[in-house]
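Residue numbers (the numbering used here): 487 to 934.
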(Lines of atoms letter the chains of each structure in order from A; the text may use other names.)
(Lines give C-alpha, C1' and ligand atoms only; values in the text may rest on other atoms or scores of the structure.)
Protein backbone atom coordinates (compact mmCIF):
# COMPACT_ATOMS: atom_id res chain seq x y z
CA UNK A 487 0.00 0.00 0.00
CA UNK A 488 1.23 3.50 -0.78
CA UNK A 489 1.64 6.44 1.56
CA UNK A 490 -1.49 7.72 3.31
CA UNK A 491 -2.20 11.39 2.58
CA UNK A 492 -4.80 12.97 4.87
CA UNK A 493 -6.33 16.31 3.86
CA UNK A 494 -8.58 18.28 6.20
CA UNK A 495 -9.54 21.90 6.74
CA UNK A 496 -7.48 22.10 9.93
CA UNK A 497 -4.30 20.25 10.78
CA UNK A 498 -3.45 19.54 14.45
CA UNK A 499 -1.63 22.43 16.09
CA UNK A 500 2.09 21.81 16.71
CA UNK A 501 1.48 21.28 20.44
CA UNK A 502 -0.97 18.44 19.69
CA UNK A 503 1.13 16.55 17.15
CA UNK A 504 3.01 14.37 19.62
CA UNK A 505 -0.04 13.57 21.79
CA UNK A 506 -3.40 14.18 20.03
CA UNK A 507 -6.01 15.68 22.33
CA UNK A 508 -9.19 14.94 20.42
CA UNK A 509 -11.11 15.10 17.17
CA UNK A 510 -9.80 13.72 13.89
CA UNK A 511 -6.25 13.37 15.23
CA UNK A 512 -7.41 10.82 17.81
CA UNK A 513 -9.56 8.97 15.28
CA UNK A 514 -6.63 8.69 12.86
CA UNK A 515 -3.98 7.88 15.46
CA UNK A 516 -3.67 4.19 14.54
CA UNK A 517 -3.77 4.83 10.79
CA UNK A 518 -1.06 7.48 11.03
CA UNK A 519 1.22 5.20 13.02
CA UNK A 520 1.83 2.85 10.08
CA UNK A 521 4.41 3.82 7.47
CA UNK A 522 5.13 7.29 6.15
CA UNK A 523 2.14 9.68 6.14
CA UNK A 524 1.39 13.22 5.02
CA UNK A 525 -1.26 15.47 6.60
CA UNK A 526 -2.12 18.61 4.64
CA UNK A 527 -4.46 21.51 5.46
CA UNK A 528 -4.90 25.03 6.77
CA UNK A 529 -2.49 26.16 9.49
CA UNK A 530 -5.15 28.10 11.41
CA UNK A 531 -3.21 31.29 10.68
CA UNK A 532 -4.47 34.28 8.65
CA UNK A 533 -2.33 36.59 6.54
CA UNK A 534 -2.95 39.92 4.83
CA UNK A 535 -3.93 40.07 1.17
CA UNK A 536 -0.53 41.39 0.03
CA UNK A 537 1.23 38.38 1.60
CA UNK A 538 -0.68 35.78 -0.41
CA UNK A 539 1.48 35.85 -3.54
CA UNK A 540 4.57 34.43 -1.86
CA UNK A 541 3.00 32.15 0.74
CA UNK A 542 4.72 28.81 1.00
CA UNK A 543 3.74 25.46 2.41
CA UNK A 544 5.08 25.03 5.94
CA UNK A 545 6.55 21.57 6.58
CA UNK A 546 6.96 19.91 9.98
CA UNK A 547 8.11 16.32 10.56
CA UNK A 548 6.93 14.50 13.68
CA UNK A 549 8.09 10.89 13.76
CA UNK A 550 6.65 9.24 10.62
CA UNK A 551 4.13 11.99 9.82
CA UNK A 552 4.84 15.05 7.69
CA UNK A 553 2.52 17.97 8.48
CA UNK A 554 2.13 20.42 5.59
CA UNK A 555 0.12 23.59 6.15
CA UNK A 556 -0.76 26.81 4.35
CA UNK A 557 -2.11 30.12 5.65
CA UNK A 558 -5.31 31.74 4.42
CA UNK A 559 -5.95 35.42 3.84
CA UNK A 560 -8.58 37.19 5.92
CA UNK A 561 -10.90 37.25 2.90
CA UNK A 562 -10.39 33.54 2.22
CA UNK A 563 -11.03 32.64 5.86
CA UNK A 564 -14.21 34.70 5.84
CA UNK A 565 -15.66 33.47 2.55
CA UNK A 566 -14.46 29.87 2.62
CA UNK A 567 -14.72 29.02 6.31
CA UNK A 568 -16.99 31.43 8.10
CA UNK A 569 -19.56 31.95 5.37
CA UNK A 570 -19.79 29.19 2.78
CA UNK A 571 -18.70 26.26 4.95
CA UNK A 572 -20.34 27.26 8.22
CA UNK A 573 -23.18 29.62 7.27
CA UNK A 574 -24.35 27.62 4.22
CA UNK A 575 -23.17 24.00 4.15
CA UNK A 576 -23.31 23.38 7.92
CA UNK A 577 -26.96 24.43 8.40
CA UNK A 578 -28.02 22.77 5.15
CA UNK A 579 -26.43 19.44 6.10
CA UNK A 580 -28.14 19.67 9.50
CA UNK A 581 -31.56 20.10 7.84
CA UNK A 582 -31.71 23.83 8.63
CA UNK A 583 -31.89 25.29 5.10
CA UNK A 584 -33.75 28.32 6.47
CA UNK A 585 -30.55 29.42 8.24
CA UNK A 586 -28.46 29.49 5.05
CA UNK A 587 -26.98 32.89 4.16
CA UNK A 588 -26.09 32.39 0.51
CA UNK A 589 -23.94 34.79 -1.46
CA UNK A 590 -22.46 33.83 -4.83
CA UNK A 591 -19.19 35.56 -3.95
CA UNK A 592 -18.73 33.24 -0.95
CA UNK A 593 -19.23 30.22 -3.21
CA UNK A 594 -16.52 31.54 -5.51
CA UNK A 595 -14.13 31.96 -2.57
CA UNK A 596 -14.98 28.44 -1.37
CA UNK A 597 -14.13 26.98 -4.77
CA UNK A 598 -10.96 29.08 -5.08
CA UNK A 599 -9.65 27.90 -1.68
CA UNK A 600 -10.27 24.28 -2.68
CA UNK A 601 -8.31 24.98 -5.89
CA UNK A 602 -5.55 26.56 -3.79
CA UNK A 603 -5.39 23.42 -1.61
CA UNK A 604 -5.06 21.30 -4.77
CA UNK A 605 -2.32 23.49 -6.23
CA UNK A 606 -0.28 23.50 -3.01
CA UNK A 607 -0.77 19.78 -2.37
CA UNK A 608 0.10 18.65 -5.90
CA UNK A 609 3.94 19.04 -5.64
CA UNK A 610 3.93 17.01 -2.41
CA UNK A 611 2.16 13.97 -3.89
CA UNK A 612 3.72 10.70 -5.02
CA UNK A 613 2.26 8.39 -7.68
CA UNK A 614 1.29 5.58 -5.28
CA UNK A 615 -0.30 7.80 -2.59
CA UNK A 616 -3.73 7.07 -1.12
CA UNK A 617 -5.46 10.42 -0.63
CA UNK A 618 -8.15 10.70 2.07
CA UNK A 619 -10.05 14.01 2.15
CA UNK A 620 -12.22 14.95 5.11
CA UNK A 621 -15.45 16.85 5.54
CA UNK A 622 -17.73 19.46 4.04
CA UNK A 623 -15.14 22.22 3.75
CA UNK A 624 -13.48 20.21 0.98
CA UNK A 625 -16.33 18.71 -1.08
CA UNK A 626 -14.80 19.97 -4.40
CA UNK A 627 -11.15 19.16 -3.63
CA UNK A 628 -11.18 15.76 -5.32
CA UNK A 629 -12.28 17.28 -8.62
CA UNK A 630 -9.74 20.09 -8.26
CA UNK A 631 -6.99 17.45 -7.90
CA UNK A 632 -8.28 15.46 -10.89
CA UNK A 633 -8.27 18.68 -12.96
CA UNK A 634 -4.55 18.96 -12.18
CA UNK A 635 -3.92 15.42 -13.41
CA UNK A 636 -3.86 13.46 -10.13
CA UNK A 637 -4.66 9.80 -10.82
CA UNK A 638 -4.11 8.33 -7.34
CA UNK A 639 -7.09 6.80 -5.48
CA UNK A 640 -8.97 9.58 -3.67
CA UNK A 641 -11.45 8.96 -0.87
CA UNK A 642 -13.78 11.37 0.90
CA UNK A 643 -15.37 11.07 4.32
CA UNK A 644 -18.21 13.31 5.52
CA UNK A 645 -18.30 13.60 9.32
CA UNK A 646 -21.66 15.41 9.46
CA UNK A 647 -25.12 14.39 8.17
CA UNK A 648 -26.10 14.64 4.51
CA UNK A 649 -29.63 15.86 3.73
CA UNK A 650 -32.13 14.45 1.23
CA UNK A 651 -32.13 15.95 -2.26
CA UNK A 652 -35.35 17.83 -1.47
CA UNK A 653 -33.21 19.96 0.86
CA UNK A 654 -29.89 19.75 -0.97
CA UNK A 655 -31.39 21.26 -4.11
CA UNK A 656 -31.96 24.48 -2.14
CA UNK A 657 -28.21 25.05 -2.50
CA UNK A 658 -27.44 27.07 -5.63
CA UNK A 659 -25.00 24.94 -7.59
CA UNK A 660 -25.93 21.86 -5.56
CA UNK A 661 -26.20 19.62 -8.64
CA UNK A 662 -22.73 20.70 -9.80
CA UNK A 663 -21.31 19.92 -6.36
CA UNK A 664 -22.81 16.42 -6.56
CA UNK A 665 -21.47 15.88 -10.08
CA UNK A 666 -17.96 16.95 -9.05
CA UNK A 667 -17.96 14.23 -6.41
CA UNK A 668 -17.52 11.69 -9.22
CA UNK A 669 -13.83 12.45 -8.69
CA UNK A 670 -13.88 10.31 -5.53
CA UNK A 671 -13.31 6.58 -5.71
CA UNK A 672 -14.72 5.93 -2.24
CA UNK A 673 -17.15 8.15 -0.30
CA UNK A 674 -17.92 7.38 3.33
CA UNK A 675 -20.71 8.60 5.61
CA UNK A 676 -21.73 7.83 9.17
CA UNK A 677 -25.17 6.25 8.75
CA UNK A 678 -27.41 4.35 6.33
CA UNK A 679 -29.75 7.35 6.13
CA UNK A 680 -26.92 9.69 5.14
CA UNK A 681 -25.55 7.30 2.51
CA UNK A 682 -29.04 6.77 1.11
CA UNK A 683 -29.64 10.52 0.91
CA UNK A 684 -26.36 11.08 -0.93
CA UNK A 685 -26.90 8.18 -3.34
CA UNK A 686 -30.42 9.39 -4.11
CA UNK A 687 -28.94 12.80 -4.88
CA UNK A 688 -26.31 11.21 -7.11
CA UNK A 689 -29.01 9.33 -9.00
CA UNK A 690 -31.01 12.52 -9.62
CA UNK A 691 -27.84 14.33 -10.77
CA UNK A 692 -26.80 11.53 -13.13
CA UNK A 693 -23.93 10.25 -11.00
CA UNK A 694 -23.26 6.60 -10.19
CA UNK A 695 -24.06 5.80 -6.55
CA UNK A 696 -20.85 5.51 -4.54
CA UNK A 697 -21.65 6.51 -0.94
CA UNK A 698 -20.97 3.79 1.64
CA UNK A 699 -21.40 3.55 5.40
CA UNK A 700 -18.30 3.69 7.60
CA UNK A 701 -19.50 4.45 11.16
CA UNK A 702 -16.90 6.09 13.34
CA UNK A 703 -16.19 5.13 16.91
CA UNK A 704 -13.89 5.92 19.82
CA UNK A 705 -10.98 4.15 21.49
CA UNK A 706 -13.13 2.55 24.21
CA UNK A 707 -10.33 0.82 26.13
CA UNK A 708 -8.33 4.02 26.46
CA UNK A 709 -11.40 6.08 27.39
CA UNK A 710 -12.53 3.54 29.99
CA UNK A 711 -9.05 3.61 31.53
CA UNK A 712 -9.11 7.42 31.64
CA UNK A 713 -12.51 7.37 33.33
CA UNK A 714 -11.44 4.90 35.99
CA UNK A 715 -8.07 6.59 36.58
CA UNK A 716 -9.79 9.94 37.07
CA UNK A 717 -12.10 8.84 39.88
CA UNK A 718 -9.79 10.18 42.58
CA UNK A 719 -8.55 13.28 40.76
CA UNK A 720 -9.04 16.44 42.85
CA UNK A 721 -11.56 18.05 40.47
CA UNK A 722 -13.65 14.89 40.36
CA UNK A 723 -13.59 14.65 44.15
CA UNK A 724 -14.78 18.27 44.29
CA UNK A 725 -17.67 17.49 41.96
CA UNK A 726 -18.61 14.36 43.91
CA UNK A 727 -18.55 16.23 47.23
CA UNK A 728 -20.61 19.09 45.80
CA UNK A 729 -23.37 16.66 44.81
CA UNK A 730 -23.85 15.64 48.45
CA UNK A 731 -25.26 12.29 47.38
CA UNK A 732 -27.61 13.69 44.71
CA UNK A 733 -27.70 11.90 41.35
CA UNK A 734 -25.95 13.70 38.49
CA UNK A 735 -27.38 14.28 35.01
CA UNK A 736 -24.72 15.35 32.51
CA UNK A 737 -24.79 16.89 29.05
CA UNK A 738 -21.67 17.70 27.03
CA UNK A 739 -22.03 19.47 23.70
CA UNK A 740 -20.36 22.15 21.63
CA UNK A 741 -22.65 25.19 21.75
CA UNK A 742 -24.37 24.71 18.39
CA UNK A 743 -27.97 24.83 17.20
CA UNK A 744 -27.71 21.22 15.93
CA UNK A 745 -27.29 19.94 19.51
CA UNK A 746 -30.83 20.65 20.67
CA UNK A 747 -29.80 22.52 23.82
CA UNK A 748 -32.87 24.81 24.10
CA UNK A 749 -35.11 21.78 23.61
CA UNK A 750 -33.12 19.84 26.22
CA UNK A 751 -33.48 22.59 28.80
CA UNK A 752 -37.20 22.74 28.07
CA UNK A 753 -37.34 18.98 28.67
CA UNK A 754 -35.52 19.33 31.99
CA UNK A 755 -37.82 22.17 33.02
CA UNK A 756 -40.82 20.00 32.15
CA UNK A 757 -39.29 17.20 34.22
CA UNK A 758 -39.13 19.51 37.27
CA UNK A 759 -42.72 20.62 36.66
CA UNK A 760 -44.17 17.15 36.22
CA UNK A 761 -42.09 15.31 38.81
CA UNK A 762 -41.78 17.65 41.81
CA UNK A 763 -40.40 14.80 43.93
CA UNK A 764 -37.05 15.31 42.15
CA UNK A 765 -36.78 19.01 43.03
CA UNK A 766 -33.81 19.60 45.28
CA UNK A 767 -32.69 16.00 44.83
CA UNK A 768 -30.90 15.98 41.46
CA UNK A 769 -28.21 18.05 39.73
CA UNK A 770 -27.98 18.69 36.00
CA UNK A 771 -24.53 19.71 34.73
CA UNK A 772 -24.50 21.07 31.18
CA UNK A 773 -21.08 21.66 29.64
CA UNK A 774 -21.45 23.65 26.41
CA UNK A 775 -18.18 25.25 25.23
CA UNK A 776 -18.80 28.30 23.08
CA UNK A 777 -17.97 27.86 19.39
CA UNK A 778 -18.20 30.41 16.58
CA UNK A 779 -19.01 33.05 19.16
CA UNK A 780 -18.55 35.82 16.61
CA UNK A 781 -21.45 34.51 14.47
CA UNK A 782 -24.84 36.12 15.13
CA UNK A 783 -26.84 32.85 15.25
CA UNK A 784 -24.48 31.47 17.88
CA UNK A 785 -24.55 34.65 19.97
CA UNK A 786 -28.35 34.51 19.94
CA UNK A 787 -28.29 30.80 20.83
CA UNK A 788 -26.04 31.46 23.82
CA UNK A 789 -28.20 34.37 24.92
CA UNK A 790 -31.28 32.14 24.79
CA UNK A 791 -29.55 29.39 26.77
CA UNK A 792 -28.30 31.87 29.36
CA UNK A 793 -31.86 33.12 29.80
CA UNK A 794 -33.34 29.61 29.99
CA UNK A 795 -30.84 28.51 32.64
CA UNK A 796 -31.52 31.68 34.63
CA UNK A 797 -35.27 31.13 34.39
CA UNK A 798 -35.08 27.49 35.53
CA UNK A 799 -32.71 28.26 38.39
CA UNK A 800 -34.77 31.26 39.43
CA UNK A 801 -38.06 29.37 39.33
CA UNK A 802 -37.03 26.07 40.89
CA UNK A 803 -33.78 26.70 42.74
CA UNK A 804 -33.42 27.22 46.46
CA UNK A 805 -30.78 28.69 48.73
CA UNK A 806 -29.09 25.29 48.91
CA UNK A 807 -29.89 23.87 45.46
CA UNK A 808 -29.13 24.98 41.89
CA UNK A 809 -31.09 22.90 39.37
CA UNK A 810 -28.75 23.58 36.42
CA UNK A 811 -24.99 23.99 36.56
CA UNK A 812 -23.98 25.55 33.25
CA UNK A 813 -20.42 25.83 31.90
CA UNK A 814 -19.51 27.43 28.58
CA UNK A 815 -15.77 26.75 28.61
CA UNK A 816 -14.04 23.48 27.64
CA UNK A 817 -13.31 20.78 30.20
CA UNK A 818 -10.20 18.62 29.68
CA UNK A 819 -10.88 15.22 28.16
CA UNK A 820 -9.53 13.23 31.10
CA UNK A 821 -11.91 15.07 33.45
CA UNK A 822 -14.86 14.55 31.11
CA UNK A 823 -14.20 10.82 31.16
CA UNK A 824 -14.32 10.78 34.97
CA UNK A 825 -17.39 13.07 35.03
CA UNK A 826 -19.20 10.60 32.73
CA UNK A 827 -18.34 7.74 35.08
CA UNK A 828 -19.71 9.70 38.02
CA UNK A 829 -22.93 10.70 36.23
CA UNK A 830 -26.10 8.69 36.78
CA UNK A 831 -27.66 9.87 33.52
CA UNK A 832 -26.31 11.29 30.25
CA UNK A 833 -28.56 13.51 28.15
CA UNK A 834 -27.49 13.29 24.49
CA UNK A 835 -30.32 14.85 22.51
CA UNK A 836 -29.14 16.45 19.24
CA UNK A 837 -31.67 17.57 16.66
CA UNK A 838 -29.39 16.12 13.98
CA UNK A 839 -25.89 14.65 14.26
CA UNK A 840 -23.39 12.78 12.14
CA UNK A 841 -22.62 10.25 14.87
CA UNK A 842 -22.25 11.86 18.32
CA UNK A 843 -19.38 10.20 20.10
CA UNK A 844 -20.45 11.53 23.51
CA UNK A 845 -22.99 8.70 23.66
CA UNK A 846 -20.26 6.12 23.04
CA UNK A 847 -17.87 7.79 25.47
CA UNK A 848 -20.52 7.73 28.20
CA UNK A 849 -21.06 3.99 27.75
CA UNK A 850 -17.31 3.33 27.71
CA UNK A 851 -16.78 5.31 30.92
CA UNK A 852 -19.30 3.40 33.04
CA UNK A 853 -18.66 1.09 35.96
CA UNK A 854 -20.16 -2.18 34.69
CA UNK A 855 -21.38 -3.09 38.18
CA UNK A 856 -23.28 0.16 38.66
CA UNK A 857 -23.68 1.87 35.26
CA UNK A 858 -25.61 5.02 34.48
CA UNK A 859 -28.40 5.44 31.94
CA UNK A 860 -28.00 6.93 28.46
CA UNK A 861 -30.85 9.07 27.12
CA UNK A 862 -30.30 9.44 23.39
CA UNK A 863 -32.00 11.31 20.57
CA UNK A 864 -33.49 9.30 17.71
CA UNK A 865 -31.68 11.76 15.43
CA UNK A 866 -28.15 11.08 16.67
CA UNK A 867 -26.18 9.04 14.16
CA UNK A 868 -25.34 6.62 16.98
CA UNK A 869 -29.02 5.81 17.67
CA UNK A 870 -29.38 2.81 15.30
CA UNK A 871 -26.40 1.14 17.06
CA UNK A 872 -27.68 2.01 20.56
CA UNK A 873 -31.30 0.92 20.68
CA UNK A 874 -30.96 -0.13 24.33
CA UNK A 875 -30.51 3.48 25.41
CA UNK A 876 -33.67 5.40 26.32
CA UNK A 877 -34.44 6.87 22.89
CA UNK A 878 -36.34 10.16 22.75
CA UNK A 879 -37.58 12.73 20.27
CA UNK A 880 -35.75 15.91 21.32
CA UNK A 881 -38.65 18.06 20.11
CA UNK A 882 -40.95 16.47 22.72
CA UNK A 883 -40.27 18.02 26.14
CA UNK A 884 -42.59 15.56 27.86
CA UNK A 885 -40.75 12.60 26.36
CA UNK A 886 -37.44 13.94 27.69
CA UNK A 887 -39.06 14.52 31.09
CA UNK A 888 -40.46 10.99 31.19
CA UNK A 889 -37.10 9.51 30.18
CA UNK A 890 -35.33 11.45 32.95
CA UNK A 891 -37.81 10.19 35.52
CA UNK A 892 -37.48 6.61 34.24
CA UNK A 893 -33.68 6.80 34.22
CA UNK A 894 -33.44 8.10 37.78
CA UNK A 895 -35.87 5.46 39.04
CA UNK A 896 -34.40 2.57 37.02
CA UNK A 897 -33.39 -0.47 39.11
CA UNK A 898 -29.73 -1.46 39.06
CA UNK A 899 -30.50 -4.78 37.37
CA UNK A 900 -32.10 -3.03 34.39
CA UNK A 901 -29.27 -0.49 34.20
CA UNK A 902 -26.74 -3.31 34.09
CA UNK A 903 -28.75 -5.19 31.48
CA UNK A 904 -29.04 -2.15 29.20
CA UNK A 905 -25.34 -1.34 29.54
CA UNK A 906 -24.38 -4.94 28.77
CA UNK A 907 -26.32 -4.66 25.49
CA UNK A 908 -24.81 -1.27 24.59
CA UNK A 909 -21.21 -2.12 25.43
CA UNK A 910 -20.36 -4.66 22.67
CA UNK A 911 -21.08 -2.28 19.77
CA UNK A 912 -19.01 0.49 21.39
CA UNK A 913 -16.07 -1.94 21.58
CA UNK A 914 -16.72 -3.40 18.10
CA UNK A 915 -16.90 -0.18 16.04
CA UNK A 916 -13.91 1.88 17.09
CA UNK A 917 -11.88 4.77 15.71
CA UNK A 918 -9.26 2.24 14.65
CA UNK A 919 -11.72 -0.08 12.87
CA UNK A 920 -13.30 2.91 11.09
CA UNK A 921 -9.96 4.10 9.69
CA UNK A 922 -8.82 0.58 8.78
CA UNK A 923 -12.06 -0.23 6.96
CA UNK A 924 -12.00 2.99 4.93
CA UNK A 925 -8.32 2.79 4.03
CA UNK A 926 -8.52 -0.89 3.06
CA UNK A 927 -11.48 -0.11 0.78
CA UNK A 928 -9.61 2.79 -0.80
CA UNK A 929 -6.47 0.66 -1.24
CA UNK A 930 -8.46 -1.85 -3.36
CA UNK A 931 -9.31 0.81 -5.94
CA UNK A 932 -7.84 0.12 -9.37
CA UNK A 933 -7.88 3.18 -11.61
CA UNK A 934 -7.60 2.45 -15.33
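Every residue, glycine too, gets a C-beta built ideally from N, C-alpha and C.
Listed in chain order, the non-local C-beta contacts of residue 526 below 6 Å within the same chain comprise 493, 554, 607, local neighbours out to five positions each way being set aside. Within the same chain, Cβ atoms closer than 6 Å to the Cβ of residue 931 are found at 639, 671, the five residues on either side in sequence being excluded.
Straight across, the Cα-Cα distance linking residue 538 with residue 599 is about 12 Å. Per DSSP, the unbroken alpha helix (DSSP H) holding residue 923 starts and ends at 917-929. Under the DSSP definition of a beta bridge, residue 554 partners with 526, 545.
Counting along the chain, residue 607 sits inside the alpha helix (DSSP H) bounded by residues 590-607. Between the segment 895-914 and the segment 675-695, the count of C-beta pairs closer than 8 Å stays below three; the two stretches do not touch. Secondary structure note for residue 889: its alpha helix (DSSP H) is the uninterrupted segment 883-895. Within the DSSP secondary-structure output, residue 533 pairs in a beta bridge with 559. Residue pairing by DSSP places residue 860 opposite 832 in a beta bridge. Of all alpha-carbon atoms in 713, 761, 779, the one lying nearest the alpha-carbon of residue 740 is that of 779. Nearest to residue 692 by C-alpha distance, out of 702, 667, 715, 736, is 667. A straight line joining the alpha-carbon of residue 503 with that of residue 817 spans about 20 Å. Here residue 681 has 675, 697, 698, 699 as same chain residues with Cβ atoms under 7 Å from its own Cβ, once five neighbours each way along the sequence are excluded. A direct Cα-to-Cα measurement between residue 914 and residue 920 gives close to 10 Å.
Close CB contacts of residue 760 within its chain, under the 7 Å cut and outside five residues either way in sequence, are with 887 (chain order).
Non-local beta-carbon contacts of residue 535 in its own chain, meaning distances under 6 Å to residues more than five positions away in sequence, involve 559 in chain order. Residue 806 and residue 769 have their C-alpha atoms spaced approximately 12 Å apart.
Taken through DSSP and simplified to helix, strand or coil, residue 820 comes out as helix.
Less than 9 Å separates the beta-carbon of residue 860 from that of residue 845.
CA-CA distance, residue 547 to residue 523, rounds to 10 Å. Taking the Cα of residue 612 as reference, the smallest distance to any Cα among 632, 636, 623 is reached at 636. When secondary structure is reduced to three states using DSSP, residue 770 falls in the strand class.
Taking the CA atoms as reference points, residue 629 sits about 58 Å from residue 766. Counting the other Cβ atoms within 10 Å of the Cβ of residue 716 gives 16 or more, which makes it buried. The DSSP-derived three-state label of residue 849 is helix. Contact annotation: the segment 702-713 does not touch the segment 726-743, with fewer than three C-beta pairs closer than 8 Å. With a cutoff of 9 Å on beta-carbon distance, residue 677 and residue 530 are scored as not near each other.
Between residue 673 and residue 625, the beta carbon gap of about 10 Å keeps them out of contact (Cβ cut-off 8 Å). Restricting attention to 901, 781, 567, the CA atom closest to the CA of residue 591 is found in 567.
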